[in-house]
Amino acid sequence: MPPRMMFRLSQRPKGLEFPSCALCNQGTSRLDVVAAFMARTFPGIANSADSAEWDKVMREVHRVAPDLLREMWIPPREMRQAMWSEGIFDRNLAAFRADGPIMGAYMQAFAAKIGFALHYEATGDFVLPEGRVQVRWFTSSDVYGGRLPPSLLASIGAPRIMQQGKITSQDSFEYGWGTYLERPDVPLYYARVREAFAVAAFVVPDEGSLPFPKGELATFAPGDLVMPLSDRITVG
9 MPPRMMFRLS QRPKGLEFPS CALCNQGTSR LDVVAAFMAR TFPGIANSAD
59 SAEWDKVMRE VHRVAPDLLR EMWIPPREMR QAMWSEGIFD RNLAAFRADG
109 PIMGAYMQAF AAKIGFALHY EATGDFVLPE GRVQVRWFTS SDVYGGRLPP
159 SLLASIGAPR IMQQGKITSQ DSFEYGWGTY LERPDVPLYY ARVREAFAVA
209 AFVVPDEGSL PFPKGELATF APGDLVMPLS DRITVG
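My numbering puts the first residue of the sequence shown at 9, with every later residue one more than the last.
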């Protein structure tokens, strides 16, 4: 975590590698595909190498989540209006729907995967069976538009990057952790992928310690990531 396929030309620096059973690796690979696809939606394709990678990832998305692209489609006029409302007038760019239940299910689960992984990186311990991870993910509009909650960035301090010699994750992947300012007993984990999306994950020892009501944020227990996916935000 993060998966190699999420990096341009698969140039992933070493680090953030965690022990996992074969069932978990196989069961969560579909999440990696969708996250790799989302990573390439912003800032988009810059050259032929990017284009070739895009085609490869799109084939994988069609294989693991064939209904996702249909859910994301926006009629051209509606798409342009959405972009203009964000101050984006470049006709080489496009917009898509990111609030559908299929997208929510995949990105919530991927955010939880990051939460489980960063908790292990920070503490050396797995989340116990009775533990829970609550997550929220943020779209490129949130990231690019500077709409990440100030309390999130204040809680984690200066983000970290991965580095292996001259290869770094600068501008591709950053992460960090700290304690949630509004609940100092709750660890908070953060990651940002390019300007395409970001995730926040809260890890607690049991369901009674959740910082938010179930349904307000997506809530996961260990083992949930290999179960059938569903949109876990039901409030709001």
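Heads up, the beta-carbon is just placed ideally off N, CA and C, and yes, glycines get one too.
Residue i classed as buried or exposed, judged by whether at least 16 other C-beta atoms fall within 10 angstroms
{"i": "G223", "result": "exposed"}
{"i": "A127", "result": "The amino acid occupying residue 127 in the given sequence is His; Ala does not appear at that position. Buried."}
{"i": "R12", "result": "exposed"}
{"i": "P10", "result": "buried"}
{"i": "K22", "result": "exposed"}
{"i": "S159", "result": "exposed"}
{"i": "F26", "result": "exposed"}
{"i": "T36", "result": "buried"}
{"i": "G165", "result": "exposed"}
{"i": "G184", "result": "buried"}
{"i": "I110", "result": "buried"}
{"i": "Q257", "result": "With the chain covering 9 to 244 only, the question about residue 257 has no answer from this structure."}
{"i": "Q172", "result": "exposed"}
{"i": "F134", "result": "exposed"}
{"i": "Q178", "result": "exposed"}
{"i": "S59", "result": "exposed"}
{"i": "P242", "result": "The residue asked about is misnamed: residue 242 is Thr in this sequence, not Pro. Counting Cβ neighbours within 10 Å, T242 comes out exposed, since fewer than 16 surround it."}
{"i": "L240", "result": "Looking at the sequence itself, residue 240 is Arg, so the reference to Leu does not match. Buried: at least 16 other Cβ atoms inside 10 Å."}
{"i": "M46", "result": "buried"}
{"i": "M235", "result": "exposed"}
{"i": "R67", "result": "exposed"}
Distance between beta carbons of residue j and residue i, contact taken as under 8 Å
{"i": "M14", "j": "V201", "result": "7 Å"}
{"i": "C32", "j": "L161", "result": "So it is not a contact: roughly 30 Å between Cβ atoms."}
{"i": "W81", "j": "F50", "result": "Contact flag wrong, Cβ pair sits at about 17 Å."}
{"i": "S148", "j": "A199", "result": "The Cβ separation is near 14 Å, so there is no contact."}
{"i": "G108", "j": "E79", "result": "4 Å"}
{"i": "W145", "j": "M170", "result": "Rounded, the Cβ-Cβ distance is 20 Å, inconsistent with contact."}
Beta-carbon proximity check, residue i vs residue j, cutoff 8 Å
{"i": "L196", "j": "F181", "result": "no"}
{"i": "V151", "j": "A206", "result": "yes"}
{"i": "S238", "j": "A73", "result": "no"}
{"i": "L225", "j": "V143", "result": "yes"}
{"i": "L270", "j": "P213", "result": "The displayed coordinates of the chain run from 9 to 244. Any statement about residue 270 would go beyond what the structure contains."}
{"i": "V65", "j": "L77", "result": "no"}
{"i": "A54", "j": "L17", "result": "no"}
{"i": "G139", "j": "P83", "result": "no"}
{"i": "R71", "j": "E61", "result": "no"}
{"i": "S7", "j": "T131", "result": "Because residue 7 is not part of the residues shown, which for the chain are 9 to 244, the question remains open."}
is_contact[residue i, chain C] using C-beta, thresh 8 Å
{"i": "G231", "result": "Going by chain labels, chain C is absent from the structure shown, which holds only one protein chain."}
Check: residue i C-beta below 7 Å from any heavy atom of the ligand FMN
{"i": "R67", "result": "By its list of ligands, the structure shown contains no ligand whatsoever, and the ligand FMN lies outside what it can speak to."}
(request) Enumerate, from N- to C-terminal direction, the unbroken beta strand (DSSP E) stretches of 3 or more residues contained entirely within the segment 113–200. (result) 140–146, 181–188, all fully within the segment 113–200.
(request) Would you check if there are 3 or more beta carbon pairs closer than 8 Å linking the segment 83–91 to the segment 211–227? (result) No: the two stretches stay apart, fewer than three of their Cβ pairs being nearer than 8 Å.
(request) Please determine if the segment 32–52 and the segment 110–123 are in contact, where contact requires at least 3 C-beta pairs separated by less than 8 Å. (result) With the cut-off at 8 Å, the segment 32–52 and the segment 110–123 touch.
(request) Just list the alpha helix (DSSP H) runs in the segment 65–104, keeping only unbroken ones of 4 residues or longer that don't cross its boundaries, in chain order. (result) Listed in chain order, the alpha helix (DSSP H) elements of length 4 or more contained wholly in the segment 65–104 are 76–80, 84–93.
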